[in-house]
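Just below is one structure, and these are the notes that go with it.
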Amino acid sequence: MAHPKRKISKTRRDKRRTHYKATAPQIATDPTTGESHLYHRAHWHEGKLYYRGQVVIDATEEVEA
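Just so you know, we're using this note's numbering here: the sequence shown kicks off at 2 and counts up by one.
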């Protein structure tokens, strides 16, 4: 197996890792409900699942058998 010939210093190691940064998620506001949610994600509001301002699933209505 390959082994390093010299110890890599903490400074050199940390310089390599500088590009890994945490970014804040982008928040969108739904035009219908005014609810804040992540971009490109569906979200629940008052028993309904909304995506792009439209109801996708309505959990409040009864299923008829």
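Using N, Cα and C, we set each Cβ at its ideal position, and we do this for glycine too.
Exposed unless 16 or more other CB atoms sit within 10 angstroms - verdict on Y51 | buried
Helix, strand or coil: how does DSSP classify D15 here?
-> helix
D59: first and last residue of the uninterrupted beta strand (DSSP E) it sits in | Q55 to D59
Could you pull out every residue in the same chain whose Cβ sits closer than 6 Å to the Cβ of L39, ignoring the five residues on either side in sequence?
-> P26
For V74, which residues of its own chain have a beta-carbon under 8 Å away from its beta-carbon, when the five flanking residues on both sides are left out?
-> Because the chain in this structure spans residues 2 to 66, residue 74 falls outside the shown range and cannot be described.
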